[in-house]
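So the sequence shown is numbered by our numbering: it starts at 11 and just counts up by one. Cβ coordinates follow ideal geometry from the N, Cα and C atoms, glycine included. These figures come from a predicted structure and were not determined experimentally.
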Amino acid sequence: MKILIIGNMGYIGPTVVRELAYQHPNAVLHGYDNAYFAHCLTGSKCLPERYLEKQFFGDVRNISEDMLEGYSAVVQLAAVSNDPMGSRFAKVTKEINQDATVLLAKYAAKAGVKNFVFASSCSVYGVASGAPRKENDPVAPVTDYAKSKIGSENSLTDIDGEMVITSLRFATACGMSDRLRLDLVLNDFVACALSQRKITVLSDGTPWRPLIDVADMARAIDWAVQRKANNGGRILNINTGSNERNHQVRDLASAVADAVPGTTISINTDAAVDSRSYQVDFDLFAKLAPNHQPQMSLLDSIDGLIKGLRRMQFSDVEFRTSPLMRLRVLQSHIDSGDLSESLEWSK
Ligand SMILES: NC(=O)c1ccc[n+]([C@@H]2O[C@H](COP(=O)([O-])OP(=O)(O)OC[C@H]3O[C@@H](n4cnc5c(N)ncnc54)[C@H](O)[C@@H]3O)[C@@H](O)[C@H]2O)c1
């Protein structure tokens, strides 16, 4: 097995690489990344890329067909990867997340790649009150980021040939990583609790958000790189997470406060209702991937974050304006003249 992981140097990538290396000791693993966050290591004693046979540096927008020759699987993680970044870089978000993904998949199909795995998102459900959303329910993406994910999924369904394509509609990520980020709800709450002993919930606490730990995302990717067409169809869009991990934001805050004694919670009862609220049905993933189901409970994720942040001697009250927020890192590259507004490195 020879796997190319594109966008491997972010938050999720290091965990994916480690899981694939552990599960497939004889596999050849290569990474490809534009290294926006390569320097943002969080307490890792060794470079997470040590598991790879090769690390390529480059922009996914410039990948050519010949670069995909010989791979059995391609995992596409590279993206402008959250709503605030998507709104700051709307045009680039479509170019990287959607246009480059679809071209990449076309090239991969031509090059004879057997499995293509795309990191999609449950945020495609957007505004979704009522019953947990199933894969065939209507989508209602609210943000440029979510629109780029559903746009990619839709175009991927047009790719002919035999390549098995899996779009994993991931729940919101959480948990410790070698390149931790704190711009995610659970990670933010743990960081608030450790630095201030106070969690400020920016909504009224009622929105629903399904969560998945990065370790479980890696397990799901391991399933998808080996998936056969007779297990779910040649092209599959699948909710990836577990039913037990649909949480209301206020319950996440309570669980974190319980884990960090002395933490108080401030809920903004006057906040406008957060439109990004949805519960998701993960039955299909349970049925098709019984051996790759999420293992991490909410408390496991919280515990991992607490231990990881303590190892980093984390205490920054101002972390929401620190390099642990991806948008801050990109903006600082732009301010220093190293990166253009279209997220291309200066020569
Ligand atoms: N974190 C979540 O909650 C979540 C949930 C669902 C899906 N996803 C998706 O999973 C994937 C990985 O997420 P993450 O949290 O690790 O994101 P991240 O921003 O931490 O990492 C993305 C990586 O892609 C690279 N990259 C971005 N643009 C690139 C380009 N033009 N060329 C080459 N490399 C480029 C970055 O350098 C970075 O290493 C993304 O596609 C994201 O949308 C994330």
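Give the straight-line distance between the Cα atoms of residue i and residue j, rounded to the nearest whole angstrom.
| i | j | result |
| --- | --- | --- |
| S74 | F199 | 41 Å |
| V127 | Y32 | 19 Å |
| P94 | V270 | 28 Å |
| I209 | E328 | 13 Å |
| K55 | D214 | 39 Å |
| D43 | K12 | 17 Å |
| Y61 | L39 | 8 Å |
| V134 | A201 | 27 Å |
| E354 | D69 | 8 Å |
| G318 | D168 | 42 Å |
| D293 | G251 | 9 Å |
| R191 | R336 | 7 Å |
| G41 | M77 | 12 Å |
| L204 | R338 | 21 Å |
| R260 | G185 | 18 Å |
| L178 | L57 | 27 Å |
| V266 | I312 | 7 Å |
| I16 | E105 | 15 Å |
| R244 | K124 | 10 Å |
| D232 | S82 | 13 Å |
| C50 | P333 | 7 Å |
| K157 | R28 | 30 Å |
| I275 | L308 | 18 Å |
| L113 | Q236 | 22 Å |
| L194 | G314 | 15 Å |
| N240 | M173 | 12 Å |
I need the boundaries of the beta strand (DSSP E) containing residue i, first residue and last residue.
| i | result |
| --- | --- |
| G140 | V137 to R143 |
| F126 | N125 to S131 |
| A83 | A83 to Q86 |
| Q65 | K64 to F67 |
| L14 | K12 to I16 |
Which residue marks the beginning of the alpha helix (DSSP H) containing residue i, and which one marks its end?
| i | result |
| --- | --- |
| Y42 | First-last for Y42: V38 to D43, but that is the beta strand (DSSP E), not the alpha helix (DSSP H). |
| L353 | It is not in any alpha helix (DSSP H) - L353 carries neither H nor E in the DSSP assignment. |
| G314 | L308 to R321 |
| V327 | It is not in any alpha helix (DSSP H) - V327 carries neither H nor E in the DSSP assignment. |
| Y32 | G23 to Q33 |
| S342 | R336 to D345 |
Counting C-beta neighbours from all protein chains within 10 Å, is the total for residue i 16 or more, i.e. buried, or is it exposed?
| i | result |
| --- | --- |
| K159 | buried |
| F67 | exposed |
| V85 | buried |
| G96 | buried |
| L212 | exposed |
| S91 | buried |
| T176 | buried |
| H302 | buried |
| E163 | buried |
| T111 | buried |
| A228 | buried |
| S130 | buried |
| Q289 | buried |
| A45 | exposed |
Who pairs with residue i in a beta bridge, going by DSSP?
| i | result |
| --- | --- |
| S177 | F128 and N247 |
May I ask whether a heavy atom of ligand 2 can be found less than 7 Å away from the beta carbon of residue i?
| i | result |
| --- | --- |
| F329 | What this structure holds is ligand 1, not ligand 2. |
**Study point:** Minimum length 4: unbroken alpha helix (DSSP H) runs contained in the stretch 152-236
**Key:** 154-166, 195-206 and 224-236
Review point. Curious, which full-length alpha helix (DSSP H) runs of at least 4 residues does the stretch 77-116 contain?
Key: 93-98 and 100-103
Check your understanding: What are the complete beta strand (DSSP E) segments, minimum 3 residues, inside the stretch 252-298?
Key -> 256-258, 274-277 and 287-290
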